[in-house]
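Chains as they are written, first to last, in the working numbering: chain A, 242 to 352; chain B, 323 to 438.
Input: a single structure, listed below in structure tokens.
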Amino acid sequence: GENVEQHPSTLSVQEGDSAVIKCTYSDSASNYFPWYKQELGKRPQLIIDIRSNVGEKKDQRIAVTLNKTAKHFSLHITETQPEDSAVYFCAEGGGADGLTFGKGTHLIIQP
Amino acid sequence: GAGVSQSPSNKVTEKGKDVELRCDPISGHTALYWYRQRLGQGLEFLIYFQGNSAPDKSGLPSDRFSAERTGESVSTLTIQRTQQEDSAVYLCASSPFVGLAHNEQFFGPGTRLTVL
């Protein structure tokens, strides 16, 4: 993996609204795109991942979309809840190397 | 089952001293990764092991950093002659790497290193 850009760095939404976080990458060999959630003082934990052979994956309120042509992928959280407040990291990997992480998005859910 | 463990959880050292950080991956996980996370920052990839071999050392910041893994299990990250900019949380992760397909990385709780 090479560069991964993640936007926005901070996102504040009203409870119940949707949140979207976007990432772009540069390595055309990338084939694995996970999203991690990190609560304050805790370790990152995988919330959803997608491989390059699909364009979208959903798990309850969380979905990820992938556009390989444009080299971007997005995390969508619907019906946001206070416990969704955390830092979210996108990452990409391809071949036999480590993951390259984005710089993170601090998601704040306003009550 | 047991997750990834790291020790120590906290380490305070004086500038110039060497430190050794330990990671115990999930049993059977062939891939092991080290990352550095400075306060409020993202995850910076350091090094990756497949078995006991490190095919990718590109992330190590300087020759003061080294890592090894033995028995396809425990890994140690050593930082020699520590500097204040080495202060960070060092996270280890393991993965049941299968062929060339990436799988979920399971993170340890991290070691918080403070260099005075």
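Each residue gets a CB set at the ideal place from its N, CA and C atoms; glycine is no exception.
Here's the rule: buried if 16 or more other CB atoms are within 10 angstroms of the residue's CB, otherwise exposed. What is residue i?
| i | result |
| --- | --- |
| A:Arg284 | buried |
| A:Gln247 | buried |
| B:Gln328 | buried |
| B:Arg391 | buried |
| B:Gln427 | buried |
| B:Gly432 | buried |
So residue i packs on residue j, CB below 8 Å; how close in whole Å?
| i | j | result |
| --- | --- | --- |
| B:Lys339 | B:Gln405 | 11 Å between Cβ atoms; not a contact. |
| B:Ala410 | B:Arg360 | 5 Å |
For residue i, which of helix, strand or coil comes out of DSSP?
| i | result |
| --- | --- |
| A:Glu324 | helix |
| B:Gln406 | helix |
| B:Ala415 | strand |
| A:Gln302 | Correcting the residue identity first, residue 302 of chain A is Arg in this sequence and not Gln. In this structure, A:Arg302 counts as coil in the three-state DSSP scheme. |
| B:Gly364 | coil |
| A:Ser271 | coil |
| B:Gln427 | coil |
Exercise. For the region 324-342 of chain A against the region 267-286 of chain A, are there 3 or more C-beta pairs whose distance is under 8 Å?
Worked result: yes
Problem set entry | Under 9 Å (Cβ pairs) to chain B, residues found in the region 280-314 of chain A | Lys283, Arg284, Pro285, Gln286, Leu287, Asp290, Arg292
For this session: Determine contact between the region 351-365 of chain B and the region 407-420 of chain B, defined as no fewer than three beta-carbon pairs at a distance below 8 Å.
Result: yes
Exercise. Any chance the region 305-314 of chain A sits against the region 386-401 of chain B, with 3 or more Cβ pairs inside 8 Å?
Worked result: no
Problem set entry | Within 9 Å of chain A by C-beta, residues of the region 363-397 of chain B in sequence order | Gln363, Gly364, Leu365, Glu366, Phe367, Leu368, Ile369, Tyr370, Gln372, Pro377, Asp378, Ser380, Gly381
Problem set entry | Members of the region 244-263 of chain A that neighbour chain B once the beta carbon cut-off is set at 7 Å | none
Problem set entry | Positions along the region 333-353 of chain B whose CB lies within less than 7 Å of some CB in chain A | none
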